[in-house]
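Residue numbers (the numbering used here): 416 to 466. Ideal placement from N, C-alpha and C gives every residue a C-beta, glycine not left out. What follows is a single structure, written as structure tokens, with notes after it.
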């Protein structure tokens, strides 16, 4: 089983949906995601991003 996921999509909305789905269906998997700016990073954290 995976213990972490790295998400590096170009589209901010796709990043958000991916992080949200991973945190909902796989809450024990840490998600590392690339944010486009500070506001995007804060939204990703709200969606469940770990780092």
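Which residues in the same chain have their Cβ closer than 7 Å to the Cβ of residue i, if we skip the five residues on either side of it in sequence?
i, result
"residue 446", "420, 422, 434, 437, 438, 463, 464 and 465"
"residue 448", "422, 430, 434, 459 and 464"
When you compare only the Cα positions, how much space is there between residue i and residue j?
i, j, result
"residue 442", "residue 417", "11 Å"
"residue 453", "residue 444", "23 Å"
"residue 425", "residue 461", "19 Å"
"residue 457", "residue 429", "15 Å"
What distance in whole Å lies between the Cβ atoms of residue j and residue i, which are believed to be in contact at a cut-off of 8 Å?
i, j, result
"residue 459", "residue 431", "6 Å"
Between which residues of its own chain and residue i is the CB-CB distance below 6 Å, once the five residues before and five after are set aside?
i, result
"residue 455", "427"
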